[in-house]
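A.B. asks: To start, I am sharing the structure in question, which I have written as C-alpha cells.
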Amino acid sequence: KYTEARFGKTISMFVPLYITNSCTNSCVYCGFHISNPMPRTILTEEEIVNEYKAIKKLAPFENLLLVTGENPAKAGVPYIARALDLAKPYFSNLKIEVMPLKTEEYAELKEHGMNGVICFQETYHKANYNIYHPRGMKSKFEWRVNGFDRMGQAGVHSIGMGVLIGLEKEWRTDITMMAYHLRYLQKHYWQTKYSVNFPRMRPSENGGFQPNVIMSDCELAQVTFAMRSFDHDVDISYSTREPADIRDHMATLGVTTMSAESKTEPGGYYSYPQTLEQFHVSDERKAVEVDKALKRLGREPVWKDWDASFDLKAFKR
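This is the structure we're talking about:
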C-alpha cells in the first residue's frame, strides 16, 4: 500500500547502454576486470548513435542509462559529455553509471543534459571492500563513498545507490548501511530524488568469482519490503539480473523501476559484437514482452517520466 500510495501502479522503464568496457580496475567479481583478456571496446560517435537508434526500435524508451568501465584516460568526462550530447535527440531522461567524479565534473555533465547518476558502493564493509577491489581507482573506498556527497553538492537531480548482494555474507548489514546512507543524503540534499538497488550475484559457470552468499527469493522480497517500509518515497529498482518471474511478482509488491531487454556489452543493441560483457542477464525477454507482462499484472509501464523542459538549463547547448 505504501508503494501504490506514492507511485500508483506505475513501473518506470529504462534501458542501459554500455558505451565502453575498457576499465583499469581489478574488481575480482567483475567481467570488466583489467586482467580479463577479452576484447575491449570504446564506441565511436557513429557507433553510439547507431545504438541509440537501435534502442528506439525496441520500445518507446525515454529513460537511458549510459554505462562505462572506469578508464578516465580513454573514456573520461569529455567522452561521456559527447555521448550525452548525442543522446538528446533520442531520449528525454539521461543518467550515467560511470567512475566517481569531482563535484565540478558532475556539474559539467549536467550542462550536457545529465539528469541522474547511479553509483554502486558494492559493500560498506571497508576492510573487505579492499579485498574485492585491490587495484585501480575503485580501490579507494573513501573516494567512492564520498562521491554521493559530490553528486548532491553538484545539484544532481536523481541519485541511485546500490550494494551487490553476494559479496558479504552479512548482507543485511550492507542493506542497513545503505539505508543509513540514504537517510543522511536525504537530510543534506533534500531536493534530490533517490533510488536504491540490491541486485543478486549469480554463481559463475566458468570458474570465476563465486558469491559468498546466495540470497533466496524470499530474502529478496524481505529486503524489498523492509526498504519500502523504511522509505515510502525511494525508487526501488530491479535490473535484468533478476529472473523474469521474480521481477513480475515483485512489480506488484514494492518495485517501481525496471530495465528491460538489457545488453551489458558495448554495441550489444546494434551490432551484437563478441565483446566482453559485464555480467549475463537473467531476464532475457524483449521489452515488449515485459510491457505485456506488467499490464497483465495491472501495472502501468511508464516509458517517459521526465522532460527537458523541467530543467532547461541542462539543455542549453
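Each residue of the sequence shown is one higher than the one before, counting from 1 in the UniProt record's numbering. Ideal Cβ placement from N, Cα and C applies to all residues, glycine included.
Nearest-angstrom Cα distance between residue 215 and residue 255?
C.D. replies: Against the sequence shown, residue 215 aligns to sequence position 215. Against the sequence shown, residue 255 aligns to sequence position 255. Going from the Cα of residue 215 to the Cα of residue 255 covers about 17 Å.
A.B. asks: So does the stretch 240-252 actually touch the stretch 215-230, counting three or more Cβ pairs closer than 8 Å?
C.D. replies: yes
A.B. asks: In the DSSP output, which residue or residues are listed as bridge partners for residue 240?
C.D. replies: For the purposes of this step, residue 240 is taken as the residue at position 240 of the sequence shown. Answer is none; residue 240 lacks a bridge partner.
A.B. asks: What's the gap between the Cα of residue 13 and the Cα of residue 32?
C.D. replies: Here residue 13 refers to the residue found at position 13 when the sequence shown is read from its first residue. Here residue 32 refers to the residue found at position 32 when the sequence shown is read from its first residue. If you take the alpha carbons of residue 13 and residue 32, they lie about 25 Å apart.
A.B. asks: According to DSSP, what are the bridge partners of residue 119?
C.D. replies: Taking the sequence shown and counting its residues from 1, the one referred to as residue 119 is at position 119. Beta-bridge pairing links residue 119 to 161.
A.B. asks: Residue 135 by DSSP, collapsed to three states: which one?
C.D. replies: Here residue 135 refers to the residue found at position 135 of the sequence shown. Note: residue 135 maps to coil in three-state DSSP.
A.B. asks: In angstroms, rounded to a whole number, what distance separates the CA positions of residue 28 and residue 36?
C.D. replies: Locating residue 28 in the sequence shown gives position 28, where the first residue counts as 1. Locating residue 36 in the sequence shown gives position 36, where the first residue counts as 1. Cα to Cα, the separation comes out at about 10 Å.
A.B. asks: What beta strand (DSSP E) runs, 3 residues minimum, are completely inside the stretch 26-87?
C.D. replies: 63-68
A.B. asks: Which of helix, strand or coil does DSSP assign to residue 149?
C.D. replies: As a working note, residue 149 is residue 149 in the sequence shown. Reduced to three states, the DSSP call for residue 149 is helix.
A.B. asks: Can you grab the Cα-Cα spacing for the pair residue 221 / residue 53, in whole Å?
C.D. replies: In the sequence shown, residue 221 corresponds to position 221, counting from 1. In the sequence shown, residue 53 corresponds to position 53, counting from 1. Near 36 Å, if we compare the C-alpha coordinates of residue 53 and residue 221.
A.B. asks: Compute the Euclidean distance between the alpha carbons of residue 82 and residue 271, then round it to the nearest angstrom.
C.D. replies: One-based indexing of the sequence shown puts residue 82 at position 82. One-based indexing of the sequence shown puts residue 271 at position 271. Taking the straight line joining both Cα atoms gives about 21 Å.
A.B. asks: With H, G and I counted as helix, E and B as strand and the rest as coil, what does DSSP make of residue 302?
C.D. replies: Start at 1 with the first residue of the sequence shown, and residue 302 comes out as number 302. Strand at residue 302.
A.B. asks: For residue 65, which option in 74, 51, 72 and 78 has the closest C-alpha, if you only look at C-alpha atoms?
C.D. replies: As a working note, residue 65 is residue 65 in the sequence shown. Ranking the options by Cα distance to residue 65, first place goes to 51.
A.B. asks: Using a threshold of 8 Å, state whether the C-beta atoms of residue 26 and residue 135 are closer than that.
C.D. replies: The sequence position of residue 26 within the sequence shown is 26, counting from 1. The sequence position of residue 135 within the sequence shown is 135, counting from 1. Here residue 26 is near residue 135, since their CB atoms are less than 8 Å apart.
A.B. asks: From the DSSP output, read off the bridge partner residues of residue 11.
C.D. replies: Taking the first residue of the sequence shown as position 1, residue 11 is located at position 11. Paired residue(s): 301.
A.B. asks: Residue range of the beta strand (DSSP E) that residue 257 falls in?
C.D. replies: Against the sequence shown, residue 257 aligns to sequence position 257. The continuous beta strand (DSSP E) containing residue 257 extends over residues 257-259.
A.B. asks: List the endpoints of the continuous beta strand (DSSP E) containing residue 196.
C.D. replies: Start at 1 with the first residue of the sequence shown, and residue 196 comes out as number 196. Counting along the chain, the beta strand (DSSP E) containing residue 196 begins and ends at 193-197.
A.B. asks: So, do the stretch 221-235 and the stretch 261-271 have three or more beta carbon pairs nearer to each other than 8 Å?
C.D. replies: At 8 Å Cβ cutoff, the stretches do not touch.
A.B. asks: Going by DSSP, what residue range makes up the alpha helix (DSSP H) through residue 214?
C.D. replies: Locating residue 214 in the sequence shown gives position 214, where the first residue counts as 1. Per DSSP, residue 214 belongs to no alpha helix (DSSP H) and is neither H nor E.
A.B. asks: If you follow the alpha helix (DSSP H) that residue 295 is part of, which residue opens it and which one closes it?
C.D. replies: Taking the first residue of the sequence shown as position 1, residue 295 is located at position 295. Where residue 295 is concerned, the enclosing alpha helix (DSSP H) stretches over 287-296.
A.B. asks: Under a three-way DSSP split, which group does residue 278 fall into?
C.D. replies: Along the sequence shown, read from residue 1 onward, the residue named residue 278 stands at position 278. With a pLDDT of 49 at residue 278, under the threshold of 50, the modelled position of this residue cannot be trusted, and the question is left open.
A.B. asks: Based on Cα-Cα distance, which residue from 126, 43 and 184 lies nearest to residue 268?
C.D. replies: In the sequence shown, counting from the first residue as 1, residue 268 sits at position 268. Ranking 126, 43 and 184 by Cα distance to residue 268 puts 43 first.
A.B. asks: Helix, strand or coil: how does DSSP classify residue 18 here?
C.D. replies: Position 18 of the sequence shown, counted from the first residue, corresponds to residue 18. Strand at residue 18.
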